[in-house]
Amino acid sequence: MRYFRADKRDFDLGDPIRTAGQFQHKHNEMGKAMEEALSKARPAGKPNRSDCLMLFEDESCAKKHWSKMSDGKLYSVFVDEEMVLHRGDMHLAESIGVGAFRGDNVSDLSRRYWEGDLTESPCVEILTREGTIAEQIGTEQQRQEEFKRRYISRKDGPEPFQEEMERLFHPTPASSGKGGN
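Residue numbers (the numbering used here): 6 to 186.
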């Protein structure tokens, strides 16, 4: 199966790709709070996120993260489906980080992440040990254009996830249900 990865490292076609094992050290305080909450809630049999390569199922989700990564590269990566250890919604993970950083109880959101529950507009990440580089996608100029499009010149309001995250923390009766699987 083909997935997508934003990464600062240089890879060639056919190269194996594994986690660099240092992403948790590069997190801001909100990211560290997210990882701590997910680690505490991790069920038996689920992998430690710090030992995994994180890839996106959807190219547009990968582009969102790639666009914020100066000197970053966007790759398509092949992964044998038997090597996928977990599928989770990155929007839930980001919500966990915001909530944990604010001191909110994020145990329900963490449980939902590990159960593979999806938000209304999911950004699915997979956890795996490794993949194989299929190709590099995009140029630095395209990355900068993507950043500008998403974060600087957006005139139609916030990204859909920003509105959804607000519903996760302040649900109305109509929006308090789970997303689909």
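Note that the Cβ used here is the ideal one computed from N, Cα and C, for glycine as well.
What residue range does the beta strand (DSSP E) around residue i cover?
| i | result |
| --- | --- |
| Lys78 | Lys78 to Phe83 |
| Ile22 | Pro21 to Arg23 |
| Leu60 | Leu58 to Phe61 |
| Asp12 | Arg7 to Asp12 |
In or out: residue i buried (at least 16 other Cβ within 10 Å) or exposed?
| i | result |
| --- | --- |
| Asp15 | exposed |
| Ile101 | buried |
| Leu18 | exposed |
| Ile22 | buried |
| Ile138 | buried |
| Pro48 | exposed |
| Thr124 | buried |
| Gly93 | buried |
| Gly104 | buried |
| Arg10 | buried |
| Asp56 | exposed |
| Glu192 | Because the chain spans 6 through 186 in this model, residue 192 falls outside it and cannot be assessed. |
| Lys78 | buried |
Closest to residue i by C-alpha separation, out of the options, would be which residue?
| i | options | result |
| --- | --- | --- |
| Leu43 | Ile142, Met95 and Glu150 | Met95 |
| Phe152 | Thr133, Ser65, Thr24 and Met39 | Ser65 |
| Leu97 | Lys78, Glu87 and Arg117 | Arg117 |
| Asn53 | Glu40, Gln147, Gly143 and Asp113 | Glu40 |
| Val84 | Met35, Ile157, Leu132 and Gln147 | Leu132 |
| Gln146 | Asp76, Asp113, Val129 and Ser81 | Asp76 |
| Gly26 | Lys45, Leu58 and Asp113 | Leu58 |
| Thr144 | Leu114, Tyr80 and Glu86 | Tyr80 |
If I follow the unbroken alpha helix (DSSP H) through residue i, where does it start and stop?
| i | result |
| --- | --- |
| Asp113 | Ser112 to Glu120 |
| Phe106 | Met95 to Arg107 |
| Leu43 | Glu34 to Ala46 |
| Phe152 | Glu145 to Phe152 |
| Ala1 | Not covered by the structure: residue 1. The range shown for the chain is 6 to 186. |
| Ala67 | Glu64 to Ser72 |
Taking 7 Å as the cut-off, is the beta-carbon of residue i closer than that to any non-hydrogen atom of the ligand GTP?
| i | result |
| --- | --- |
| Leu58 | Absence of the ligand GTP is noted for the structure shown, with no ligands found whatsoever. |
Three or more C-beta pairs closer than 8 Å, one from the stretch 65 to 81 and one from the stretch 97 to 113: is that the case here?
No contact exists between the stretch 65 to 81 and the stretch 97 to 113.
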